[in-house]
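**Student:** Below are the structure tokens for one structure; questions will follow.
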Amino acid sequence: MKLPGHEAINAYTGFLLRKVSLASFEGFSEIAASYGLHPMHFGMLNIIEAEQPISQQDLSNRSGIDPSTMVARMDLLYDRGLVERKRSAEDRRSYEIRLSPSGRKLLIELRQRAGEWAEQFFAPLTKAERKQLHELLAKLAASIDSEP
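First residue of the sequence shown? That's 0 in the numbering used here, and the numbers climb one at a time after it.
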């Protein structure tokens, strides 16, 4: 198999991983941008749905988004009516964040579009290869997440 690019750098797995990651991210970025969002918002919406209600601090910790960036990202979701914020009964200093009905609807649509993009992007791989790639990337990600 002949790889695109120069063979002097194609010998490095990290280079290939970065190339594939960038292409995947750019493709999904176009989809997110068509909704006026960043791919980071997609991740946030998924975590909010899975853990709601969730505090902004917990969302920041779980998503790996630094708190200063989180404020602007959350404000956009709130201003667009995609999330609801309510003062926490346990800690009046924090807010409980939930998906709004509009946010839930948008998330369903974004998941559909993400799935379509993935089908197109990963088309050169068999179903077994896709599963194996996912498992290997998850293993690497877990080792990164467990570093002190």
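Note that CB positions come from ideal geometry on N, CA and C, so glycine has one too.
1) Say whether the stretch 14-24 touches the stretch 46-53, bearing in mind that this needs 3 or more beta-carbon pairs closer than 8 angstroms, one atom from each stretch.
2) Nearest-angstrom Cα distance between V70 and L136?
3) From which residue to which residue does the beta strand (DSSP E) around L34 run?
4) Given a cut-off of 8 angstroms on the beta-carbon distance, is the pair A32 and H40 in contact?
5) Quick one, which of R97, D78 and F121 has its alpha-carbon nearest I46's?
6) Is it true that the CB of S62 sits closer than 8 angstroms to the CB of M43?
**Tutor:** The structure says:
1) no
2) For the purposes of this step, residue 70 is taken as residue 71 along the sequence shown, with counting starting at 1. For the purposes of this step, residue 136 is taken as residue 137 along the sequence shown, with counting starting at 1. Approximately 29 angstroms between the Cα atoms of the pair.
3) The residue labelled residue 34 in the question sits at position 35 within the sequence shown. Before going further, note that residue 34 is Tyr rather than Leu in the sequence given. Where Y34 is concerned, there is no enclosing beta strand (DSSP E), given that its DSSP letter is neither H nor E.
4) Looking up residue 32 in the sequence shown gives position 33. Looking up residue 40 in the sequence shown gives position 41. Not closer than 8 angstroms, so no.
5) Taking the sequence shown and counting its residues from 1, one reaches residue 46 at position 47. Ranking R97, D78 and F121 by Cα distance to I46 puts R97 first.
6) For this step, residue 43 is matched to residue 44 along the sequence shown. For this step, residue 62 is matched to residue 63 along the sequence shown. Taking 8 angstroms as the Cβ cut-off, M43 and S62 qualify as a contacting pair.
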